[in-house]
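Right, one structure below, let's go through it.
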Amino acid sequence: MAVGDRVTLPGHVQVGELLLGPGTPYGWTSLTGWEEGPPLDNGSVPRAGAHGSIPGPLLAQSRIITMEGLSVRAEPGRAGEAVRPLAAALAPTEAEQPLVIRIDRDPPLMVWARCLRRMLPVAVRGYALGRPRDGAIQWECSDPRRYELAERRATAGLPSAEPGLDWRVEQHDQEDDDAPPAVVEGGLDWPLDWGAPGSTGALTATNSGDAEAHPIVTFTGPVTRPSLTCLESGHAIEYDLTLAAGDELVIDTAEGTVTLNRTASRLYTATARSVPEQTLTVPPGVTSYAFRAAPGSADPRAAVEMRWRSAYW
Numbered sequence: 076m077a078v079g080d081r082v083t084l085p086g087h088v089q090v091g092e093l094l095l096g097p098g099t100p101y102g103w104t105s106l107t108g109w110e111e112g113p114p115l116d117n118g119s120v121p122r123a124g125a126h127g128s129i130p131g132p133l134l135a136q137s138r139i140i141t142m143e144g145l146s147v148r149a150e151p152g153r154a155g156e157a158v159r160p161l162a163a164a165l166a167p168t169e170a171e172q173p174l175v176i177r178i179d180r181d182p183p184l185m186v187w188a189r190c191l192r193r194m195l196p197v198a199v200r201g202y203a204l205g206r207p208r209d210g211a212i213q214w215e216c217s218d219p220r221r222y223e224l225a226e227r228r229a230t231a232g233l234p235s236a237e238p239g240l241d242w243r244v245e246q247h248d249q250e251d252d253d254a255p256p257a258v259v260e261g262g263l264d265w266p267l268d269w270g271a272p273g274s275t276g277a278l279t280a281t282n283s284g285d286a287e288a289h290p291i292v293t294f295t296g297p298v299t300r301p302s303l304t305c306l307e308s309g310h311a312i313e314y315d316l317t318l319a320a321g322d323e324l325v326i327d328t329a330e331g332t333v334t335l336n337r338t339a340s341r342l343y344t345a346t347a348r349s350v351p352e353q354t355l356t357v358p359p360g361v362t363s364y365a366f367r368a369a370p371g372s373a374d375p376r377a378a379v380e381m382r383w384r385s386a387y388w
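Numbering (the working numbering), first residue to last: 76 to 388.
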């Protein structure tokens with residue numbers, strides 16, 4: 076099932092496969108930490124011998140999201156049956172899971188989160204009536220950015236020239252000036268056959284959000300020394316290895332990993348011109364990239380694919 080596939084109405088919150096909000100047994104009244112910006116680590120340092128500071132990087136900390144006013148609606152005396160699925164969806168785990176939230180008519184956004192704390196006071200009367208209430212849930216998101224649900228993709232092959240026209244030469248009959256020209260090999264023959272389109276090795280990525288997104292980049296062989304360059308920033312990732320036909324080199328720019336066929340690390344093959352993987356991002360707006368390889372590597376089967384989601388603070 077797709078991430079957030081059950082989120083259709085304002086107020087819906089999907090935790091894994093569990094849906095909270097309108098039309099479900101689970102209600103809530105307020106959410107903090109969703110529209111607020113995450114806390115920032117400020118790298119600015121005081122100036123020595125001058126007023127003010129030297130601006131440093133601002134790095135976002137984890138996002139903490141708290142849902143309050145949690146309530147459960149069930150048949151009288153059967154509140155526990157509704158509480159058990161809620162507890163299972165919020166059980167402590169090491170791995171984060173998708174948390175999808177839709178506040179109003181705007182499309183929902185998602186984060187990867189894990190539950191730090193849940194509270195649902197046990198009141199005998201409330202449970203007897205099937206109405207436990209005044210609960211709360213708190214999640215931590217190690218990546219503080221919020222993302223659109225749909226994953227975007229862009230692909231490109233290595234640069235290749237177009238084959239061009241099949242040139243022919245017109246030749247007139249010297250004995251009959253009124254005769255139409257004959258067409259012989261070596262000139263133009265209509266309609267023109269331009270051949271298969273060439274490839275520029277270029278691709279563009281659009282980030283509709285306001286935060287930089289980290290793409291997953293996949294190089295597919297056969298290709299030698301594949302590279303991808305952001306044309307706006309000049310940042311490039313390049314790897315000194317040869318991929319056979321069907322080989323895949325996957326670069327997760329968020330985690331900083333480089334994996335051959337999803338099993339063996341090839342991080343050590345990065346060349347001297349390659350920037351740290353986390354540096355290659357998809358900034359807000361439209362960004363252009365170029366796929367290149369070593370001289371002589373021009374197999375049309377070679378390709379690069381970028382996958383990312385628009386990111387929001």
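The beta carbon of each residue, even a glycine, is placed where N, CA and C say it ideally should be. Computed from a prediction, not measured in an experiment: that's the story for all the values here.
* Could you check the C-alpha separation between Ala378 and Thr230 for me, to the nearest Å? => 7 Å
* To do: Evaluate contact between the stretch 126–136 and the stretch 177–197, counting only Cβ atoms and requiring at least three cross-stretch pairs below 8 Å.
  => no
* Contacting residues, own chain, Cβ-Cβ under 7 Å from Pro114 (five flanking each side not counted) -> Gln136
* Asked: Between Thr346 and the rest of its own chain, which residues show a CB-CB distance below 6 Å, the 5 nearest in sequence each way excluded?
  -> Glu313 and Asp315
* **Residue from Thr104, Glu352, Pro151 and Gln353 whose Cα sits closest to the Cα of Glu141** => The sequence given here places Thr at residue 141; Glu does not occur at that position. Measuring from the Cα of Thr141, the nearest candidate turns out to be Thr104.
* Asked: DSSP beta-bridge partners for Asn282?
  -> Gly360
* What does a CB cutoff of less than 6 Å around Thr295 pick up in its chain, not counting 5 residues either side in sequence? -> Glu323 and Ala378
* **CA-to-CA distance, Ile326 to Thr279, given in whole angstroms** => When rounded, the separation of the alpha-carbon atoms in Thr279 and Ile326 is 18 Å.
* **Assigned exposure category for Glu223 - 16 Cβ within 10 Å defines buried** => buried
* Should Thr328 and Gln353 be called a contact, given that it needs their Cβ atoms to be closer than 8 Å? -> yes
* Asked: For Leu342, is the classification buried or exposed, using 16 other Cβ atoms within 10 angstroms of its Cβ as the cut-off for buried?
  -> Result: exposed.
* Residue closest to Arg138, alpha-carbon to alpha-carbon, out of Ala125, Ala123 and Thr107 -> Of the candidates Ala125, Ala123 and Thr107, the one whose C-alpha sits nearest the C-alpha of Arg138 is Thr107.
* **Start-to-end residues for the alpha helix (DSSP H) that takes in Ala164** => Ala154 to Ala164
* **Straight-line gap, Gly96 to Asp80 (C-alpha atoms, nearest Å)** => 14 Å
* Identity of the residues DSSP links to Trp383 by a beta bridge -> Arg227
* **Supposed contact pair Leu233 and Val298 - C-beta distance, whole angstroms, cut 8 Å** => 7 Å
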